[in-house]
Amino acid sequence: MENENLSNENVIHIYSKNVEYIQFRKLLEYEHKVKHLYTLRPLDFGNNKNYEETKERILSEYKMICENLNLDEKNIYRPVQTHTDVVKKVDKEVAGIYKEYFKNVDGLVTNKHHKILSLTFADCIALYFFDPVKNVIGNIHSGWQGTYKEIARIAVRKMKEEYDVKPENLICFIGPSIKKCCFEVDEDVKELFYTKFRDKKEINQIITQNKNKYNIDTCLINRIILKEEGLKEENIIESGICTKCRNDKLHSYRVDGVKSGRNTSIISLI
């Protein structure tokens with residue numbers, strides 16, 4: 120039986136008020152400035168297709184997790200994610216889930232307080248950003264398509280452009296996702312990634328062959344991109360948790376297919 124607790128050197132598994140979630144130890148050092156979490160089963164935050172039919176349950180789950188952080192769920196901003204490389208800033212827009220302004224958006228950034236950025240995942244990578252100098256946050260959805268499109272690079276440049284963030288001050292927290300051990304692809308996807316990233320010195324770590332399949336390390340690609348954009352190695356912190364390996368605690372599309380639920384990441388300046 121797998122260890123029930125997901126805590127490790129970088130994350131802590133919280134059991135609170137009948138819900139479970141994880142938090143990054145380093146980001147908790149700034150709890151006086153920013154609140155965050157990443158949800159675990161049985162919570163399920165739905166997807167673009169089933170949201171309307173599960174809306175009431177999802178809203179009640181948002182209320183539960185926000186109560187744990189002393190946040191107001193009415194301040195949630197959740198975009199319609201479609202595996203784009205689009206990152207938008209949250210400023211004076213009306214809060215809500217699936218608002219038209221945030222349609223086909225896979226990343227949110229803001230320097231405004233009390234605005235809860237929420238994205239959903241079922242194997243894709245959650246990238247939390249925090250600049251403790253400028254007090255800027257970001258929440259990014261980087262699946263294999265987003266990683267291929269280098270949405271992490273776009274997010275860093277967006278924060279530089281909008282808020283004069285210095286990359287050396289940025290901290291990025293890489294949430295649970297399908298890891299290289301389980302992200303197995305066929306020749307077509309392998310060729311896409313090889314063609315795009317073959318000039319990286321780490322290419323033989325990024326892609327390895329396993330019989331007639333290939334394994335791709337999307338977390339490593341994101342690390343490389345972030346370092347190229349000026350983030351310090353020590354400021355890129357991974358959860359170390361594979362959603363497919365730990366499907367007992369996390370939703371995984373590779374395991375459950377179209378029936379898969381969704382984990383959510385939330386982050387908010389307070």
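Residue numbers in the sequence shown follow our numbering, run continuously in steps of one, and reach 389 at the last position. Positions of the beta carbon are idealized from the N, C-alpha and C atoms, including for glycine.
Assigned exposure category for residue i - 16 Cβ within 10 Å defines buried
i              : result
aspartate 336  : buried
arginine 317   : exposed
valine 377     : exposed
methionine 120 : Low local confidence applies: a pLDDT of 39 at methionine 120 is under 50, so the model's placement there is unreliable, and no value is given.
asparagine 341 : buried
asparagine 122 : exposed
tyrosine 181   : buried
valine 213     : exposed
glutamate 172  : exposed
lysine 368     : buried
leucine 323    : The residue asked about is misnamed: residue 323 is asparagine in this sequence, not leucine. The residue is exposed, with fewer than 16 neighbouring Cβ atoms inside 10 Å.
Closest residue to residue i among the options (Cα-Cα distance)
i                 : options                        : result
phenylalanine 332 : Lys154, Leu146, Glu180, Cys301 : In the sequence on display, residue 332 carries lysine and not phenylalanine. Nearest C-alpha to lysine 332: Cys301.
serine 296        : Cys243, Glu180, Glu321         : Cys243
asparagine 334    : Asn194, Asp163, Trp263         : Trp263
lysine 168        : Ser237, Asp367, Asn258, Thr201 : Thr201
leucine 125       : Ser358, Lys174, Val374, Gly380 : Ser358
glycine 380       : Leu289, His370, Ile389         : His370
lysine 136        : Glu150, Asn129, Leu162, Val304 : Leu162
phenylalanine 312 : Val374, Thr266, Arg160         : Thr266
glutamate 303     : Asn223, Asn366, Ile326         : Ile326
lysine 319        : Glu347, Val308, Asp307, Lys330 : Glu347
phenylalanine 240 : His132, Glu219, Asn166         : Asn166
isoleucine 355    : Ser261, Leu345, Lys234         : Leu345
alanine 245       : Lys330, Cys338, Asp307         : Cys338
Rounded C-alpha distance that separates residue i from residue j
i              : j                 : result
asparagine 254 : glutamine 328     : 42 Å
threonine 383  : glycine 215       : 15 Å
tyrosine 157   : tyrosine 372      : 17 Å
tyrosine 196   : tyrosine 247      : 15 Å
valine 153     : leucine 146       : 8 Å
glutamate 280  : cysteine 291      : 18 Å
histidine 232  : serine 387        : 7 Å
aspartate 191  : phenylalanine 143 : 21 Å
isoleucine 389 : threonine 314     : 43 Å
leucine 238    : asparagine 127    : 23 Å
glutamate 139  : lysine 174        : 20 Å
isoleucine 259 : glutamate 321     : 24 Å
histidine 151  : phenylalanine 221 : 28 Å
tyrosine 170   : valine 199        : 11 Å
glycine 420    : methionine 278    : There is no way to answer for residue 420, as the model of the chain reaches only from 120 to 389.
glutamate 310  : isoleucine 177    : 38 Å
aspartate 305  : lysine 299        : 14 Å
tyrosine 149   : glutamate 352     : 19 Å
valine 275     : serine 179        : 33 Å
asparagine 129 : leucine 236       : 22 Å
histidine 132  : aspartate 204     : 30 Å
cysteine 364   : glutamate 219     : 35 Å
lysine 193     : asparagine 223    : 22 Å
lysine 234     : phenylalanine 249 : 14 Å
arginine 160   : isoleucine 385    : 15 Å
cysteine 361   : leucine 289       : 24 Å
asparagine 366 : aspartate 375     : 9 Å
Contact test: residue i Cβ vs the ligand SAH heavy atom, cutoff 6 Å
i              : result
asparagine 189 : The model on display carries no ligand, and the ligand SAH is accordingly not part of it.
Which runs of the beta strand (DSSP E) spanning at least 3 residues fall entirely within the stretch 153-183, listed in chain order?
-> 153-158
Fully enclosed by the stretch 298-363, which alpha helix (DSSP H) runs are 4 residues long or longer?
-> 306-316, 322-325, 337-347
May I ask you to verify whether the stretch 224-241 touches the stretch 194-212, counting CB pairs closer than 8 Å and requiring at least 3?
-> yes
Using 8 Å as the threshold, is the stretch 252-267 in touch with the stretch 278-285, meaning 3 or more CB pairs across them?
-> yes
Inter-stretch contact at 8 Å, needing at least 3 Cβ pairs: the stretch 265-273 / the stretch 176-189 | no
Uninterrupted beta strand (DSSP E) stretches inside the stretch 236-303 (no shorter than 3 residues) = 244-250, 255-261, 290-293
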